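S.K.: Structure incoming, see below.
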Amino acid sequence: MKKIFRLMSNRIVLVALVLFLQLFWFVGLGYFLNDRYIYFSMAIKVIAVLTVLWLVNQRINPSYKLIWTIVILIFPIIGMVLYFIMGKSRLAKRFCHEYESVLEEQGKILKEKSEDRMELRSRDKLASNQSIYLRDYADSPLYKNTVTEYYPVGEDWFAKYIEELKKAEHYIFLEYFILAEGYMWDTVREILMDKAAKGVDIRLIYDDFGCITTLPPRFYKELQANGIKCAAFNPIRPFLNIILNNRDHRKITVIDGHTAFTGGINLADEYINQKERFGHWKDSGIYLYGEAVWNFTVMFLRMWSVITHMDCEFELFRPYQYHVDVFESDGFVQPYGDIPMDNETVGEHVYLNIISQSADYLYIFTPYLILDNETMKALCLSAKRGVDVRIVTPGIPDKKIVFLLTQSYYEELLEAGVRIYQYTPGFLHSKSFVCDDEVAVVGTINLDYRSLYLHFECGVWLYQTKSVSQVKQDFLDTLEVSSEITLDFCKNRNIVVRAAQSILRLVAPLV
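Numbering of the sequence shown is given in numbering that gives the first Met the number 0, commencing with residue 0 and proceeding in unit increments.
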């Protein structure tokens, strides 16, 4: 019975069942036109129309509304059920309520220094306005007393990561989308278990769906037995939770309140090229040391409080709790998070602000280039007004269909003057923007609908730090091993490919 129960509660089985009902509805329309069926059919159509009317009044991306409207009106039964399953952000009400409760209990725990704000405003009013957006709409204040270091490949990042983990004396917080058995995770796990044995507070959050194929069932048992606290985000329980749209895509490590890491790098061997997948895997990460780490600490503890239902004394984990001297300063640093529970798409708005305010150049790394109308027009307009806009995408994809969709956006961008490159050695997983030698962003946020609308994400906004120039230099170095895409490449593709791309563009918000 348990096997039958699991089978019937599986999302794939549910979708297949809905497809069968939809087929039955169409067949019935043609061959069983009796009074009862007509009433049933009319009821389904009325419900579909009401669903669409409700949908178009939601504060979501117009492209998202359009594709779901088409699906629901053409295939009413399957459209409505699929929208319920994977059409929008649908975290459990209990999760949302508890998240809001945590925020209310904290009050204004994140505050910035007025002198830091005044200094940035006096230097660059436009940059200050970008920063104010993050402060007011992402609850992410600005900091000065922080040093940053950018790492252009996972191998270099990992060497620094291990060095800092070994220095931990009080606590280590980790939050990752993917953990995978292998050299990288085994190395980290040994350090964590050793530290836990010495009394260091170790806490780990991992995304259950992200690790579904990379970790054995109940792997956390070993960690808990060795003193490591574990919590899974959005655990997979097919019957109780068939909605797996919302994922914790963040990559965060906080050490003793004063040291943090983030970027695109998960704890799996391909990210440091210990395991080859899709050629050379190029990823990047950033190291922070100083006051700005507090934003990441709070970000982690909020998630920990919600999914473990444990109270946390946030004040015990401030940057100066275990660091007496004033931290060095390296420009302005502003870590931020994005959550799918509100109508504020922080990740996209940060990118749009940078694009619209660029003056000389704008360089972008992204593994996926699936653009909504707003971002497409912003990139094209920047290029048309003379900004040197360049984008690097992978040369070898991890998902072929998504890569084909990514390439479907090339032609319009190229015609506007944007220059596009593909990373020849393999797969590029970095997510970074750098602009005018002044501003950069490094984080976990892809240029696709899922990252921008459905996932928990994070990043670091940087102004006049040394890491800004490091991001720029990494981009220029990467161009040397990348091939530039031409309009001929786009226009000379065979008709089958172009037709497939047209279809994919239609369903892009669902990919």
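Note that the Cβ used here is the ideal one computed from N, Cα and C, for glycine as well. Computed from a prediction, not measured in an experiment: that's the story for all the values here.
Determine, using beta-carbon pairs with one atom in the segment 360-377 and one in the segment 441-452, whether at least three such pairs fall under 8 Å.
M.R.: The segment 360-377, when compared against the segment 441-452, does touch it at the 8 Å Cβ threshold.
S.K.: Return yes when the Cβ of Tyr270 is within less than 8 Å of the Cβ of Gly153, no when it is not.
M.R.: Residue mapping note: residue 153 aligns to position 154 of the sequence shown, counting from 1. Residue mapping note: residue 270 aligns to position 271 of the sequence shown, counting from 1. In contact: Gly153 and Tyr270 (Cβ atoms closer than 8 Å).
S.K.: Looking at the unbroken alpha helix (DSSP H) that takes in Thr392, where does it start and where does it end?
M.R.: Within the sequence shown, the letter at position 393 stands for residue 392. Looking at the DSSP string, Thr392 is not in any alpha helix (DSSP H); the run it does join, the beta strand (DSSP E), is 387-393.
S.K.: Spell out a yes or no on whether the segment 410-421 and the segment 211-222 are touching, meaning 3 or more CB-CB pairs, one atom from each, closer than 8 Å.
M.R.: With the cut-off at 8 Å, the segment 410-421 and the segment 211-222 do not touch.
S.K.: If you draw a straight line from the alpha carbon of Phe172 to that of Lys194, how long is it in whole angstroms?
M.R.: Locating residue 172 in the sequence shown gives position 173, counting from the first residue. Locating residue 194 in the sequence shown gives position 195, counting from the first residue. Approximately 12 Å between the Cα atoms of the pair.
S.K.: Please report how far the alpha carbon of Val297 lies from the alpha carbon of Arg134, in whole angstroms.
M.R.: Reading the sequence shown from its first residue, position 298 is the one you call residue 297. Reading the sequence shown from its first residue, position 135 is the one you call residue 134. Each residue's alpha carbon lies about 14 Å from the other.
S.K.: Just checking, does the segment 312-327 make contact with the segment 176-190 on the three C-beta pairs under 8 Å criterion?
M.R.: Flag = no, the segment 312-327 and the segment 176-190 do not touch.
S.K.: On the DSSP bridge list, what partners appear for Leu446?
M.R.: Translated into the one-based positions of the sequence shown, residue 446 becomes position 447. Leu368.
S.K.: Considering Cα atoms alone, identify which of Gln406, Glu456, His428 is closest to Phe488.
M.R.: As a position in the sequence shown, residue 488 is number 489, starting the count at 1. Taking only the C-alpha atoms, the option nearest Phe488 is Gln406.
S.K.: DSSP three-state call for Ser139: helix, strand or coil?
M.R.: Within the sequence shown, numbered from 1, the residue matching residue 139 stands at position 140. Coil.
S.K.: Where does the unbroken alpha helix (DSSP H) through Thr186 begin, and where does it stop?
M.R.: Here residue 186 refers to the residue found at position 187 when the sequence shown is read from its first residue. Start and end: 182-196.
S.K.: Going by DSSP in three states, Ile201 sits in which element: helix, strand or coil?
M.R.: Here residue 201 refers to the residue found at position 202 of the sequence shown. In this structure, Ile201 counts as strand in the three-state DSSP scheme.
S.K.: Would you identify the three-state DSSP class for Ser357, choosing helix, strand or coil?
M.R.: By 1-based counting over the sequence shown, the position of residue 357 is 358. The answer is coil: DSSP assigns Ser357 none of H, G, I, E or B.
S.K.: Does the Cβ of His257 have 16 or more other Cβ atoms within 10 Å, making it buried, or fewer, making it exposed?
M.R.: On the sequence shown, position 258 is the one that residue 257 refers to. Answer is buried; the Cβ neighbour count reaches 16.
S.K.: Quick one: using the 10 Å Cβ neighbour count with 16 as the cut-off for buried, is Ile338 buried or exposed?
M.R.: Position 339 of the sequence shown, counted from the start, is the residue given in the question as residue 338. Looking at its Cβ environment, which holds 16 or more other Cβ atoms inside 10 Å, Ile338 is buried.
S.K.: I need the straight-line Cα distance from Ile73 to Ile66, nearest angstrom please.
M.R.: On the sequence shown, residue 73 is found 74 positions in, with the first residue counted as 1. On the sequence shown, residue 66 is found 67 positions in, with the first residue counted as 1. Distance between the alpha carbons of Ile73 and Ile66: 11 Å.
S.K.: Look at the Cβ atom of Asn144, then the Cβ atom of Phe326, and state whether they are nearer than 8 Å.
M.R.: The residue given as residue 144 occupies position 145 in the sequence shown. The residue given as residue 326 occupies position 327 in the sequence shown. Cβ atoms of Asn144 and Phe326: closer than 8 Å.
S.K.: Using the rule of at least 16 other Cβ atoms within 10 Å of the residue's Cβ for burial, across every protein chain shown, is Gln500 buried or exposed?
M.R.: Residue numbering aside, residue 500 sits at position 501 when the sequence shown is read from its first letter. With 16 or more other Cβ atoms within 10 Å, it is buried.
S.K.: Does Gln129 have its Cβ less than 8 Å from a Cβ in chain C?
M.R.: Among the chains in the structure shown there is no chain C, since it carries only a single protein chain.
S.K.: Alpha carbon to alpha carbon, how far is Asp268 from Met117?
M.R.: For the purposes of this step, residue 268 is taken as residue 269 along the sequence shown, with counting starting at 1. For the purposes of this step, residue 117 is taken as residue 118 along the sequence shown, with counting starting at 1. Each residue's Cα considered, the two are about 44 Å apart.
S.K.: Ile306 lies in the alpha helix (DSSP H); which residues open and close that run?
M.R.: Here residue 306 refers to the residue found at position 307 when the sequence shown is read from its first residue. Note, Ile306: alpha helix (DSSP H), 292-307.
S.K.: Please confirm if the segment 122-137 is in contact with the segment 251-266, defined as three or more CB-CB distances below 8 Å between the two stretches.
M.R.: Output reads no: the segment 251-266 does not touch the segment 122-137.
S.K.: For Phe426, which beta-bridge partners are listed by DSSP?
M.R.: Residue mapping note: residue 426 aligns to position 427 of the sequence shown, counting from 1. Trp280.
S.K.: For Met41, count the other beta carbons within 10 Å of its own beta carbon; 16 or more makes it buried, fewer makes it exposed. Which is it?
M.R.: Here the question's residue 41 lines up with position 42 in the sequence shown. Flag for Met41 reads exposed.
S.K.: In terms of alpha-carbon separation, which member of Phe331, Tyr462, Asp200, Leu413 lies closest to Glu290?
M.R.: Counting from one through the sequence shown, the residue named residue 290 turns up at place 291. Of the listed residues, the one whose Cα sits closest to Glu290 is Phe331.
S.K.: Starting from Cys434, trace the beta strand (DSSP E) in both directions and tell me its first and last residue.
M.R.: For the purposes of this step, residue 434 is taken as residue 435 along the sequence shown, with counting starting at 1. It spans 431-434 - the beta strand (DSSP E) in which Cys434 sits, taken as one unbroken run.
S.K.: Thinking Trp184 and Leu266 are a contact (beta carbons under 8 Å), I'd like their distance in whole angstroms, please.
M.R.: Counted from its first residue, the sequence shown places residue 184 at position 185. Counted from its first residue, the sequence shown places residue 266 at position 267. That belief holds up - the Cβ atoms of Trp184 and Leu266 are roughly 5 Å apart, short of 8 Å.
S.K.: Rank His322, Tyr142, Cys95, Glu275 by C-alpha distance to the C-alpha of Met340 and give the top, closest one.
M.R.: Mapped onto the sequence shown, residue 340 falls at position 341. It is Cys95.
S.K.: In the DSSP assignment, the alpha helix (DSSP H) including Gly153 goes from what residue to what residue?
M.R.: Taking the sequence shown and counting its residues from 1, one reaches residue 153 at position 154. Run containing Gly153: 153-166, per the alpha helix (DSSP H) assignment.
S.K.: Are Thr50 and Ile71 closer than 8 Å when you measure CB to CB?
M.R.: Translated into positions along the sequence shown, residue 50 becomes position 51. Translated into positions along the sequence shown, residue 71 becomes position 72. Going by C-beta atoms, Thr50 is nearer than 8 Å to Ile71.
S.K.: When you compare only the Cα positions, how much space is there between Asn342 and Phe208?
M.R.: What you label residue 342 is simply residue 343 of the sequence shown in a count that begins at 1. What you label residue 208 is simply residue 209 of the sequence shown in a count that begins at 1. Cα to Cα, Asn342 sits roughly 24 Å from Phe208.
S.K.: Below 8 Å on the Cβ atoms is my guess for Leu125 versus Gln356; work out the distance and round it to an integer in Å.
M.R.: Residue 125 sits at position 126 when you count from the first residue of the sequence shown. Residue 356 sits at position 357 when you count from the first residue of the sequence shown. Correct: roughly 5 Å between the Cβ atoms.
S.K.: Under three-state DSSP, which class holds Lys110?
M.R.: Within the sequence shown, residue 110 is the residue found at index 111, counting from 1. Correct three-state label for Lys110: coil.
S.K.: Excluding the 5 residues preceding and the 5 following Pro508 in the sequence, name in chain order all residues of the same chain whose CB lies nearer than 6 Å to its CB.
M.R.: For this step, residue 508 is matched to residue 509 along the sequence shown. The residues are Ser62, Tyr63, Ile66, Tyr448.
S.K.: Verify whether the separation of the beta carbon atoms of Ile251 and Lys228 is less than 8 Å.
M.R.: Looking up residue 251 in the sequence shown gives position 252. Looking up residue 228 in the sequence shown gives position 229. Contact: no.
S.K.: Around the C-beta of Ala224, are 16 or more other C-beta atoms found within 10 angstroms, so that it is buried, or is it exposed?
M.R.: For this step, residue 224 is matched to residue 225 along the sequence shown. Classification for Ala224: exposed.
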